[in-house]
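Counting from 2, one number per residue, gives the positions in the sequence shown under our numbering. Where is the CB? At the ideal position from N, CA and C, for every residue including glycine. To start, the structure under review is shown below, and the notes come after it.
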Amino acid sequence: MTLPQDYLERVYAGVLGKIIGVYLGRPFEGWTYEQILERLGEIHYYVHDRLGVPLVVTDDDISGTFTFLRALPDFGNTFDLTAEQIGQTWLNYLVENRTVLWWGGMGNSTEHTAYLRLKHGIPAPRSGSMALNGKVVAEQIGAQIFIDGWAMVCPGEPDRAAELARRAAQVSHDGEAVFAAQVLAAMEALAFVEPDLNRLLDEAVRLIPGDSLIYRLIADLRHQRARTDDWRETLAFIFRHYGYDRYGGNCHVIPNHALIHLSLLYGGDDFQRALSIVNTAGWDTDCNSGNVGCLLGIKNGLAGLDAGPDWRMPVADALYLPTAEGGSCVTDALQVAQWVAGIGCALHGEPAPKLKGGVRFSFDLPGALQGFTALEGAPVRLENVCGYSERGQRALAIHYAHVAPGVPARVATATFLRPDAFQMKTYDLFGCPTLYSGQVVSAEVCADERNAAVAQARLFIEVYDEDDRLVSIPAPVQSLAPGGRQRWTWQIPDTQARPIARVGLEVLDSAHTPGTLYLDWLDWQGAPQVCLTRPARRGQAWQLAWVNAVSHLDTSNEPLRLIQDEGRGLLAQGTLDWRDVEAQAVCTPHLARAFGLAVRVQGLERYYALVLAHPGTARLICRWYGKDEVLAEVPLAWDWGQTFTLSLRAEGVRLTALVDGVPVLQAEDARLQGGAVGLLIEEGRLGVEQVCVRGRQV
């Protein structure tokens, strides 16, 4: 299979279509058709502002789609991936009762039910089986809403996409829910190479049983489309024959699958019209709209997204992926698209796409803003433009107007939770900062040759202070003459453990004349040099920088008090690009079965750790999908109430553990190349003063 020439761009359009659809439908999820018409009228554009909620939010449709797909790279990027391995991915990345899923309880939430099966040792696909969980629970909507990633890694291969979707769906679902997931996965995969909707449907239904309800539903809707041009008439047909009143549970797949095909059959290639139909029709609007948006994004590309109103500028590519691997939470559609396309390339034996050499912010596809927005200050207009790049095709144009002393023109992108995230009332948001003290930010910037004056500009970061207010920390000022180009580098200073919320560029002075700067790319590298502890005044932001997978986290006494009721809890912070680092923590265990310090944390089931087990053992372990593999072990006397300084150093494949400055264990292991740092506690309480991370600079 040769990948399409525009593969990355189509994946990017699919990711954008997914998040636009979800953000559009999220504010009125679960409303009926009648309620939507009465309160909002027909949906033609975003309505979040009318309902007083943020546009960019956490949502299971987005998080689950790109979290469960991690099973492929985690297990070697092979088409032989099993349902059991995808289930293990659930246990690694989901923080119970907190991230990604609706945690509605056993027998009520399909995904929560499946998670509990997995947690108690029942592997997939039995974890999602109808025999175990019942028909109603097994046939809810969840399998359908998470399938887009499986399609995007199989461009032009509907059979393979449907098969991967089947295995992924069976972790939590069965029966008609699996068939629905297979249909949409096949359609999206084929949409990379086939523009005709009827051909997509013909190929998709070929892959499911002819006596299934999904097969009959699609045939009925195609017959309706041939009979009438009025989508509302067909919607009434759906209400009569496939409505919520006919199916049990909270959100059954059949009614919502019907609305997806309604919007595609009547919306055609018009992105706005299709989203208008699927959202005005009601019920699970964010889920249905996300699937429709993704399919049309893939099929019609970026041009299709841009054919109507401006869907992209308000979103600016921004999305959250909150999981137990918190360093990948704060991201954007282009970074996610490159990651997804990289998986697809690996599956097909091709090199991964690396725009401008693999920098974080390349802006190298049409319209890409990668989370950059204008901040308060002088007026700024952002635009993705052709040219002005030495390493790629495109750049981010920063058009500023009449910058005056004390009123800079400022643009930035999030490196941690946006301010509106603190008021978010959707799914829990766990995410670590992506930028830390000690790391080196680099950027390539040039000035438009038509500028009338030299621009005084600089990089800056904003941190959350002890009261959760944003405080700016600037880099040195640079002068850019008209037509000039510079590469800036800046090592991030010590922020005193205050999380870095944004990184950006500001224009300080332009002799009161408007102008344009072009940000070619922005990136950072190197290891962190940071001590993580409680600030003098408490706030929320510093706590939210930790991925919290312990039973209780108390910060009123020790800076960090970890309490675990049963089993093992983990508190982690950092990113996957923390490779060769040494972590050190000052810890006091209380009533603990075991406690420890971890490095290269890649979720709840993938990390290295120094563990002190009661009553007197020190172990160096690799946690690997439900098992502690002991790499080295020695007797070490310790007791509750003692204070220890634990250190764990990772250098290449070598691991070195120290207790109170004395080396006690060494081992070599090559499975994990990078990740966060973490604190472990088993059945008890652990007080921690601080966690310091020092790494070798690149």
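Straight-line gap, residue i to residue j (C-alpha atoms, nearest Å)
| i | j | result |
| --- | --- | --- |
| Gly18 | Arg361 | 21 Å |
| Gly485 | Leu506 | 16 Å |
| Leu263 | Ile219 | 9 Å |
| Ala192 | Pro159 | 9 Å |
| Asp702 | Leu592 | The requested residue 702 is not part of the displayed model; the chain covers only 2 to 699. |
| Ala512 | Ala453 | 9 Å |
| Ala205 | Leu185 | 7 Å |
| Val699 | Ile255 | In this predicted model, Val699 has a pLDDT of only 39, less than 50, meaning its place in the structure is not dependable; the value taken from the coordinates is given anyway. Between Val699 and Ile255, the C-alpha separation is close to 53 Å. |
| Thr127 | Gly291 | Note that residue 127 is Arg in the sequence shown, not Thr. Approximately 28 Å, taken between the alpha carbons. |
| Asp466 | Trp543 | 9 Å |
| Gly527 | Trp579 | 8 Å |
| Lys357 | Gly345 | 19 Å |
| Asp710 | Val441 | For the chain, the structure presents residues 2 to 699; residue 710 sits outside this window and is missing. |
| Glu234 | Ala275 | 16 Å |
| Leu236 | Gln225 | 10 Å |
| Leu70 | Glu195 | 24 Å |
| Gly250 | Lys136 | 10 Å |
| Ala125 | Ser110 | 17 Å |
| Gln86 | Ala410 | 49 Å |
| Gln492 | Ile299 | 39 Å |
| Arg672 | Arg601 | 10 Å |
| Val23 | Trp639 | 52 Å |
| Pro367 | His49 | 26 Å |
| Phe15 | Met153 | Per the sequence shown, residue 15 should be read as Gly rather than Phe. Rounded to the nearest angstrom, the two C-alpha atoms are 8 Å apart. |
| Arg620 | Val464 | 37 Å |
| Gln461 | Leu38 | Before going on, a small fix: residue 461 reads as Phe here, not Gln. Distance between the alpha carbons of Phe461 and Leu38 is about 46 Å. |
| Gly328 | Glu652 | 20 Å |
| Tyr116 | Gln603 | 19 Å |
| Thr589 | Asp510 | 52 Å |
| Cys288 | Gly77 | 29 Å |
| Asp230 | Glu97 | 47 Å |
| Arg419 | His242 | 44 Å |
| Tyr437 | Asp197 | 48 Å |
| Gly568 | Gly597 | 14 Å |
| Glu583 | Gly696 | 6 Å |
| Gly244 | Gln36 | 16 Å |
Integer Cβ distance of residue i from residue j, believed to fall under 8 Å
| i | j | result |
| --- | --- | --- |
| Asp421 | Glu30 | Wrong, their Cβ atoms sit about 19 Å apart, outside the cutoff. |
| Ala444 | Gly516 | Not really, about 18 Å apart at Cβ, beyond 8 Å. |
| Trp91 | Leu119 | 6 Å |
| Val101 | Thr324 | 6 Å |
| Gly269 | Arg11 | That pair is no contact at about 19 Å. |
| Gln171 | Gly129 | 5 Å |
| Ala169 | Phe147 | 7 Å |
| Asp670 | Leu613 | Contact doesn't hold; Cβ gap of about 19 Å is too wide. |
| Tyr94 | Glu326 | 6 Å |
| Val678 | Gly575 | 5 Å |
| Asp680 | Val694 | Residue identity check: residue 680 is Leu in the sequence provided, not Asp. Incorrect: roughly 12 Å between the Cβ atoms, too far for contact. |
| Phe645 | Asp661 | 6 Å |
Cβ pair residue i, residue j closer than 7 Å
| i | j | result |
| --- | --- | --- |
| Val504 | Thr416 | yes |
| Pro494 | Ala546 | no |
| Gln145 | His253 | no |
| Leu656 | Tyr609 | yes |
| Leu322 | Phe67 | yes |
| Asp333 | Gln371 | yes |
| Pro380 | Ala405 | no |
| Leu637 | Leu611 | no |
| Trp704 | Ile278 | Within the shown structure, residues of the chain are numbered from 2 to 699, placing residue 704 beyond reach of any answer. |
| Gln479 | Ala448 | no |
| Cys532 | Ala498 | yes |
| Val548 | Ala573 | yes |
| Gln183 | Arg167 | yes |
Strand pairing of residue i, partner residues [DSSP]
| i | result |
| --- | --- |
| Glu385 | Note that residue 385 is Asn in the sequence shown here, rather than Glu. Bridge partners of Asn385: Leu397. |
| Phe596 | Leu613, Ile682 |
| Asp629 | Arg624 |
| Tyr608 | Arg624 |
| Asp333 | Ala319 |
| Phe645 | Cys588 |
| Asp524 | Ser443 |
| Asn549 | Leu572 |
Beta carbon proximity, residue i to chain D, threshold 7 Å
| i | result |
| --- | --- |
| Val341 | No chain D appears in this structure, which consists of one protein chain only. |
Exercise. Okay, do the region 210-217 and the region 171-180 touch, 3+ Cβ pairs below 8 Å being the bar?
Worked result: yes
Exercise. Is the region 304-312 in contact with the region 547-563, if contact means three or more CB pairs nearer than 8 Å?
Worked result: no
Exercise. So, do the region 429-436 and the region 394-410 have three or more beta carbon pairs nearer to each other than 8 Å?
Worked result: no
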